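Enquirer:
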Amino acid sequence: MKSISRLFSIVAAGALAGALALPSPVQAQGAPREGSLEFILPISYSPSTSFNGQGGSSAELNSTLGFGFGLGYNVNNHLQLGGTVNWGYRNYIATTTNNNGTTSQGSGQLSSSTIGFNAIYYFMSSGLTPFLSAGIGSTWVDTGIPNGLPQTGCWYDPWYGYVCNSYTPTKSQTAVSYTGGAGVRFEVSRAFSVQASYNKAWIELTKGTPEVDSWRVDLVWRM
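Okay, so the sequence shown: first residue is 194 according to this note's numbering, each after it adds one.
#1: Kindly indicate which residue of 269, 301, 288, 265 has the alpha-carbon position closest to the one of residue 282.
#2: Tell me whether residue 328 sits in a helix, a strand or coil according to DSSP, three-state version.
#3: Rounded to whole angstroms, what is the Cα-Cα separation between residue 204 and residue 239?
#4: Does the Cβ of residue 331 have 16 or more other Cβ atoms within 10 Å, making it buried, or fewer, making it exposed?
#5: For residue 307, which of 315, 335, 277 has the nearest alpha-carbon?
#6: Give a yes or no on whether the C-beta atoms belonging to residue 346 and residue 363 are separated by under 8 Å.
#7: Going straight from the alpha carbon of residue 317 to that of residue 271, what length do you get?
#8: Assuming residue 234 and residue 416 are in contact, meaning their beta carbons sit under 8 Å apart, how far apart are those beta carbons, in whole angstroms?
#9: Which residues share a DSSP beta bridge with residue 405?
#10: Would you kindly work out how many angstroms separate the C-alpha atoms of residue 249 and residue 351, rounded to a whole number?
#11: For residue 406 and residue 284, what's the separation of their Cα atoms in angstroms?
#12: Let me confirm a value: residue 394 is counted as buried when at least 16 other C-beta atoms fall within 10 Å, else exposed. Which label applies?
#13: Please name the residue, chosen from 354, 289, 361, 335, that lies closest to residue 341 on a Cα-to-Cα basis.
#14: Run through DSSP, which three-state label would residue 209 get?
#15: What does a CB cutoff of less than 8 Å around residue 398 pick up in its chain, not counting 5 residues either side in sequence?
#16: Measure the alpha-carbon distance for residue 315 versus residue 375 and round it to whole angstroms.
#17: If we ignore side chains and look at the alpha-carbon of each, how far apart do residue 354 and residue 348 end up?
#18: Do the CB positions of residue 274 and residue 327 come within less than 8 Å of each other?
#19: Where does residue 261 sit, in a helix, a strand or coil, going by DSSP?
#20: Have a look at the DSSP bridge pairing and note the partners of residue 236.
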């Protein structure tokens, strides 16, 4: 995962540095954003992290890449309102504590997805501007930990006929999440922009509120 994170850092830095080096008139003057709709492809990198649970339990999450898509509407040259859908997978090592005080470890893969609504404030109307963002959303987290006996479901498939498949329910939860971030936007042209930002998310799970850091590069197309 270290090689992936190093590659992500190089790509993100190269994209931003290359954009800043372009002698574009959009950088100095900025194409008016007011009233325009933008399609966004976010690529995020979350470093490894850990958090403590109840009764001495804890979890260590590996670093990972996340992806998504979104839309943003520019109310004016400074304020953008929009929404995004993001998803990702993370390997983890969990430490559990029994009633007698003994501990045990197990590993698995955690999957998550978020549907969020956010607001971005651009400090300048020019094509090169810093910005702040804030958002609220619904995050679904699946730990991959079995939470019941295997079950079998059957259905009719138009190509294969009567099909049955077994699956095991896993522990999952849907929770409210909040995000905040800061970054820089550069308009390469009137139709394409790049945004690089640092973000933090708080997920209001039943047993705690883990914090998730991420570095993010947005590829933005103005429609």
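No residue lacks a Cβ here, since even glycine has one placed at the ideal position from N, Cα and C.
All of these numbers come straight from a predicted model, not from anything done at the bench.
Expert: Put simply:
#1: Counted from its first residue, the sequence shown places residue 282 at position 89. Nearest C-alpha to residue 282 among 269, 301, 288, 265: 301.
#2: Reading the sequence shown from its first residue, position 135 is the one you call residue 328. Residue 328 carries a strand assignment under DSSP once its states are collapsed to helix, strand and coil.
#3: As a working note, residue 204 is residue 11 in the sequence shown. As a working note, residue 239 is residue 46 in the sequence shown. Low local confidence applies: a pLDDT of 48 at residue 204 is under 50, so the model's placement there is unreliable, with the coordinate-based value given in what follows. Near 15 Å, if we compare the C-alpha coordinates of residue 239 and residue 204.
#4: Along the sequence shown, one-based indexing puts residue 331 at 138. The C-beta of residue 331 has fewer than 16 other C-beta atoms within 10 Å across all chains shown, which makes the residue exposed.
#5: Along the sequence shown, read from residue 1 onward, the residue named residue 307 stands at position 114. When only C-alpha atoms are compared, the closest one is 277.
#6: By 1-based counting over the sequence shown, the position of residue 346 is 153. By 1-based counting over the sequence shown, the position of residue 363 is 170. In this structure, residue 346 sits away from residue 363, with a CB-CB distance that is not shorter than 8 Å.
#7: Residue mapping note: residue 317 aligns to position 124 of the sequence shown, counting from 1. Residue mapping note: residue 271 aligns to position 78 of the sequence shown, counting from 1. Residue 317 and residue 271: Cα-Cα distance of roughly 7 Å.
#8: For the purposes of this step, residue 234 is identified with residue 41 of the sequence shown, where counting begins at 1. For the purposes of this step, residue 416 is identified with residue 223 of the sequence shown, where counting begins at 1. Contact flag wrong, Cβ pair sits at about 13 Å.
#9: Position 212 of the sequence shown holds residue 405. Answer is 394.
#10: Residue mapping note: residue 249 aligns to position 56 of the sequence shown, counting from 1. Residue mapping note: residue 351 aligns to position 158 of the sequence shown, counting from 1. When only Cα atoms are considered, residue 249 and residue 351 end up about 51 Å apart.
#11: By one-based count along the sequence shown, residue 406 stands at place 213. By one-based count along the sequence shown, residue 284 stands at place 91. Approximately 16 Å, taken between the alpha carbons.
#12: In the sequence shown, counting from the first residue as 1, residue 394 sits at position 201. The residue in question, residue 394, is buried, as its Cβ has 16 or more Cβ neighbours within 10 Å.
#13: As a working note, residue 341 is residue 148 in the sequence shown. The shortest C-alpha to C-alpha distance from residue 341 to any of 354, 289, 361, 335 is the one to 361.
#14: If you number the sequence shown from 1, residue 209 lands on position 16. Any reading at residue 209 is ruled out, since the residue's pLDDT is 48, under 50, leaving its predicted position unreliable.
#15: Position 205 of the sequence shown, counted from the start, is the residue given in the question as residue 398. So the qualifying residues of the chain are 334, 366, 368.
#16: Along the sequence shown, one-based indexing puts residue 315 at 122. Along the sequence shown, one-based indexing puts residue 375 at 182. Across the structure, residue 315 and residue 375 are spaced so that their CA atoms are roughly 10 Å apart.
#17: Within the sequence shown, the letter at position 161 stands for residue 354. Within the sequence shown, the letter at position 155 stands for residue 348. When rounded, the separation of the alpha-carbon atoms in residue 354 and residue 348 is 8 Å.
#18: Here residue 274 refers to the residue found at position 81 of the sequence shown. Here residue 327 refers to the residue found at position 134 of the sequence shown. In this structure, residue 327 does not lie closer than 8 Å to residue 274 by Cβ.
#19: Along the sequence shown, one-based indexing puts residue 261 at 68. The three-state reading of DSSP puts residue 261 in strand, counting E and B together.
#20: Working through the sequence shown from its first residue, we reach residue 236 at position 43. DSSP lists 260, 410 as partners of residue 236.
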